[in-house]
RNA sequence: GCCGGAGUGGCGGAAUUGGUAGACGCGCACGACUCAAAAUCGUGUCUCGCAAGGGGUGAGGGUUCGAUUCCCUCCUCCGGCACCA
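Numbering (my numbering), first residue to last: 5 to 799.
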């Protein structure tokens, strides 16, 4: 008996697949395509994490199955290599980030190769390759030209540890997602993308996507749509008008004061009217520094300052109202100003009680309790001509009456797109004293990232690029005069926002993508990656895709049709893997131990793909044992063995359906059942064995190719056709009918399919274990479920 | 607080539209092989009961001939958003 030496066997097949280029993406566009994509990895210095291969094995299995089914498969891989970790790694190890990235990519590739993936490496992309980021810059220029990229000096999130500005999406609460440091608000010059312009489409088109509900819901929450109205509250004795946003125009008569966010620009314009200016300024300064910390501490205690001498007029009833500034009103949401209705809003209520402002009930609702702030809808009271009206109706009526405007507001904020760090795509703009901001001509792209002596962030609000005079100083493309290059770089999320397009046409140097190729391959049919990208990468990519659609570069509204999120691989102790716990599992060690095939089979068998599951060395050993048994079976193949068409057909159907539905664990279970069956026999029919190998090939590509060859095949099993199941055989198979009496199972019998109801009933009554339960009883009802069961209701 | 997802043996987990709960694997027990062990193979493995039979899918109610699946109330865990007006 031969031995299953996975080391030598896997090496042999990996080399042969490479030699024969069997995974090369076909050029012809006649056949049906399948574009299956992994979220490409960040090539960190740590090497491959165990979570990576789980997703990659799934797409690999799927891709192999599709290829065997005759589809043109695009299953590429690449590197998302710009960004902070590479830069920090480079700083720490005193090497150029590009050198560090190349080194890490090499390591990742070796690790991936050992697991036997079917990626087409001719289409590899690397976001740090100037030929790649040339097009990232090109997209930025198009955004700029359409007015969707703008320069701003607003206060933004600043990480005092990473020394860069961040987008809202880069925060975890009030801390930096990367390093956990508390975020500060810092006014600085920055480039911002107008993603809010696409908020409505990003939200609406979610409905067209067959994604899992949780991801869609996360995006809905992130975008945060609310319908309401805006009203103008004029300030007495000035030209100033405060515009407020509310979702409850029906409560307008209950407004007893107005609150502005501390940063609200009206405060500056009202300086002469404000009698307690010193106090106001003190509060504003405090708020600017303290807000974030206080919010983290979780105190909801209301603070604020009355603007003495300032009165606002309620547009509904002409009432004169006091005006406050308070940090519970956010400058970034709505208009940065609210009308406060303490009777029907928890926060306004708390503030009003703390500051002694009157509280006026204007809504009476069912279930309203004493001492509780009623925030529901109801019947209007104390609302002049609108008394007695219902909330819904009153919203429109009062909006009209008080000359308000119906508006829709989003929680989503524009995408802060500049980073004050070295390792990113340079933003392709030039500042000129006469022409202002001028885009770099497209012919001059890429604007290459120059070498620099120190990659360390400066912390000054400028990137290290600002220190390279010979790079910064250039000629203005507009007037030919003196120009200075933009020194901010793009965030890590830029390159990953369109890479799936590049794979379709990776070598194109005259256009972002050849329209013919884009039309053929787009959209991505299956996209697989981590849940953590739900409100970042997946929103950014959808935004850029819609923009590319608008400018006619791509032809679909959405980039990714199906989305599967990889469930976390936990450590054996059930906790997250972490160096701190010392419970990290290294994929290389596992592959050494049991081989890539057993590793792959285990990863797919460990549980439902999208669910978090703890690693188990024992369970992985079980996967290895399973493959040993397949190996053993192959030595029992005999010409005179009886084949089992029913077993084959059942397994073919189950495995095929399960792979397409991403139910890999039950697919493997079906293969195990087949092996169990075949093992009962003294010898195995060639046809049965070949079917087993074909079905197992996507999961265990090396072993199956070896055994396939040993059966005399010259061509790789991965170029063979997926077997078809025989419908007739399945239809002619006997089925088991369960017999119940009063809903309790009392027996079963087997019969041919399609037997008439009457005959089934008489067969059921004759089942020995059923007879005693019917004796002396009257059958009141006979429930017959075709092909499944019969239930006698007796008394 | 709002929203989404999930609770099934000792463990990972299976169960078409409501139709034999616990497939498959791990572990464990016993047996075979062995001087012995490992490996391998065989048998058993939700629970109470000698058995017939009863109970059982987080808890309690309901609908139904029949509920892990549908409805109501509640508990627990995971994830997202959260002073968003």
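In this text, a Cβ means the ideal position worked out from N, Cα and C, and glycines have one as well.
Nearest-angstrom Cα distance between residue 301 and residue 177? Here residue 301 refers to the residue found at position 297 when the first chain is read from its first residue. Here residue 177 refers to the residue found at position 173 when the first chain is read from its first residue. Its pLDDT being 49, under 50, residue 301 is placed unreliably by the model, and nothing is read from it.
Alpha carbons only, please: which of 293, 433 and 484 is nearest the one belonging to residue 494? As a first step, residue 494 must be located in the first chain, where it is residue number 490. When 293, 433 and 484 are compared, the shortest CA-CA separation from residue 494 is found for 433.
Determine which residues share a DSSP beta bridge with residue 617 and list them. For this step, residue 617 is matched to residue 613 along the first chain. Looking at the DSSP assignment, residue 617 forms a beta bridge with 573.
Alpha-carbon to alpha-carbon, residue 752 and residue 774: Taking the first chain and counting its residues from 1, one reaches residue 774 at position 770. Taking the first chain and counting its residues from 1, one reaches residue 752 at position 748. The alpha-carbon atoms of residue 774 and residue 752 are separated by roughly 9 Å.
One question on the structure: do residue 29 and residue 138 come within less than 8 Å of each other, judged by their Cβ atoms? Numbered from 1 along the first chain, position 25 holds the residue referred to as residue 29. Numbered from 1 along the first chain, position 134 holds the residue referred to as residue 138. No; because the gap between Cβ atoms is not below 8 Å, this pair is not in contact.
Through-space distance from residue 53 to residue 764, alpha-carbon basis: The residue given as residue 764 occupies position 760 in the first chain. The residue given as residue 53 occupies position 49 in the first chain. So the alpha carbons of these two residues sit roughly 56 Å apart.
Rounded to whole angstroms, how far is the Cβ of residue 345 from the Cβ of residue 403, which I believe are closer than 8 Å? Mapped onto the first chain, residue 345 falls at position 341. Mapped onto the first chain, residue 403 falls at position 399. About 15 Å separates the two Cβ atoms, so there is no contact after all.
With a threshold of 16 other CB atoms inside 10 Å of the CB of residue 260, please say whether the residue is buried or exposed. Counting from 1 along the first chain, the entry for residue 260 is found at position 256. Using a 10 angstroms sphere on the CB of residue 260, the tally of other CB atoms reaches 16 or more, which defines it as buried.
So the beta strand (DSSP E) residue 668 belongs to, where does it begin and stop? By one-based count along the first chain, residue 668 stands at place 664. For residue 668, no beta strand (DSSP E) segment is defined; the enclosing uninterrupted segment is the alpha helix (DSSP H) at 668-683.
Taking the alpha carbon of residue 183 as the point to measure from, which residue in 687, 163, 201 and 786 has its own alpha carbon closest? Reading the first chain from its first residue, position 179 is the one you call residue 183. Nearest of 687, 163, 201 and 786 to residue 183, Cα basis: 163.
Compute the beta-carbon to beta-carbon distance between residue 635 and residue 707, rounded to the nearest angstrom, for a pair I have assumed lies under 8 Å. As a first step, residue 635 must be located in the first chain, where it is residue number 631. As a first step, residue 707 must be located in the first chain, where it is residue number 703. Confirmed, about 7 Å.
Let me make sure I understand the geometry here. Which of 530, 246 and 293 has the alpha-carbon closest to that of residue 273? The residue you call residue 273 lines up with position 269 of the first chain. That would be 246, whose Cα lies nearest to the Cα of residue 273.
Beta-carbon gap between residue 366 and residue 385 smaller than 8 Å: Locating residue 366 in the first chain gives position 362, counting from the first residue. Locating residue 385 in the first chain gives position 381, counting from the first residue. The criterion of a C-beta distance shorter than 8 Å is satisfied by residue 366 and residue 385.
In this structure, does DSSP put residue 553 in helix, strand or coil? On the first chain, position 549 is the one that residue 553 refers to. If DSSP states are grouped into helix, strand and coil, residue 553 belongs with the helices.
In this structure, how does DSSP classify residue 787 when only helix, strand and coil are distinguished? Within the first chain, numbered from 1, the residue matching residue 787 stands at position 783. Three-state DSSP puts residue 787 in a strand.
Residue 785 to residue 394, Cα distance in whole Å? Working through the first chain from its first residue, we reach residue 785 at position 781. Working through the first chain from its first residue, we reach residue 394 at position 390. Rounded to the nearest angstrom, the two C-alpha atoms are 53 Å apart.
Could you check the C-alpha separation between residue 664 and residue 66 for me, to the nearest Å? The residue given as residue 664 occupies position 660 in the first chain. The residue given as residue 66 occupies position 62 in the first chain. Using only the alpha carbons, I get a separation of about 7 Å.
Of the listed residues 113, 82, 156 and 15, nearest to residue 421 (C-alpha basis): The sequence position of residue 421 within the first chain is 417, counting from 1. If we check each option's Cα against that of residue 421, 156 comes out closest.
Do three or more CB pairs link the stretch 737-755 to the stretch 666-684 at distances below 8 Å? no
Give the DSSP bridge partners of residue 731, in chain order. As a first step, residue 731 is located in the first chain; it is residue number 727 there, counting from the start. Answer by DSSP bridge pairing: none, since residue 731 is not bridged.
Limits of the unbroken alpha helix (DSSP H) element including residue 118: On the first chain, residue 118 is found 114 positions in, with the first residue counted as 1. From DSSP, the alpha helix (DSSP H) with residue 118 extends over 101-119.
What is the DSSP secondary structure of residue 160, counted as helix, strand or coil? As a working mapping, residue 160 is identified with position 156 in the first chain. Here residue 160 sits in strand by DSSP.
Can you tell me whether residue 419 is helix, strand or coil according to DSSP? The sequence position of residue 419 within the first chain is 415, counting from 1. Residue 419 falls in the strand class under three-state DSSP.
Should residue 653 and residue 730 be called a contact, given that it needs their Cβ atoms to be closer than 8 Å? Within the first chain, the letter at position 649 stands for residue 653. Within the first chain, the letter at position 726 stands for residue 730. Against a cut-off of 8 Å, the Cβ pair of residue 730 and residue 653 comes out as a contact.
Residue 586 versus residue 530: straight-line alpha-carbon distance, rounded: Working through the first chain from its first residue, we reach residue 586 at position 582. Working through the first chain from its first residue, we reach residue 530 at position 526. Roughly 34 Å between the two C-alpha positions.
Between the C-alpha atoms of residue 435 and residue 492, what's the straight-line distance to the nearest angstrom? What you label residue 435 is simply residue 431 of the first chain in a count that begins at 1. What you label residue 492 is simply residue 488 of the first chain in a count that begins at 1. Their Cα atoms are separated by approximately 12 Å.
With a threshold of 8 Å, are at least 3 pairs of Cβ atoms found where one atom belongs to the stretch 67-80 and the other to the stretch 115-127? yes
Any idea what DSSP makes of residue 509, helix, strand or coil? Against the first chain, residue 509 aligns to sequence position 505. Reduced to three states, the DSSP call for residue 509 is coil.
Where residue 68 falls: helix, strand or coil (DSSP): Mapped onto the first chain, residue 68 falls at position 64. Residue 68 carries a helical assignment under DSSP once its states are collapsed to helix, strand and coil.
Would you be able to state if there are at least three C-beta pairs under 8 Å between the stretch 202-212 and the stretch 168-175? Below 8 Å, too few C-beta pairs join the stretch 168-175 and the stretch 202-212 to call them touching: fewer than three.
Any idea what DSSP makes of residue 368, helix, strand or coil? Locating residue 368 in the first chain gives position 364, counting from the first residue. Strand, per DSSP.
Below 8 Å, how does it come out for the stretch 439-459 and the stretch 481-491: are there three or more Cβ pairs, yes or no? yes
Let me know if residue 279 comes out buried or exposed under the rule of 16 or more other beta-carbons within 10 Å of its beta-carbon. As a first step, residue 279 is located in the first chain; it is residue number 275 there, counting from the start. By the 10 Å Cβ count, residue 279 comes out exposed.
So what's residue 723 in DSSP terms, helix, strand or just coil? For the purposes of this step, residue 723 is taken as the residue at position 719 of the first chain. DSSP, read as helix, strand or coil, puts residue 723 in helix.
So what's residue 293 in DSSP terms, helix, strand or just coil? Along the first chain, read from residue 1 onward, the residue named residue 293 stands at position 289. If DSSP states are grouped into helix, strand and coil, residue 293 belongs with the helices.
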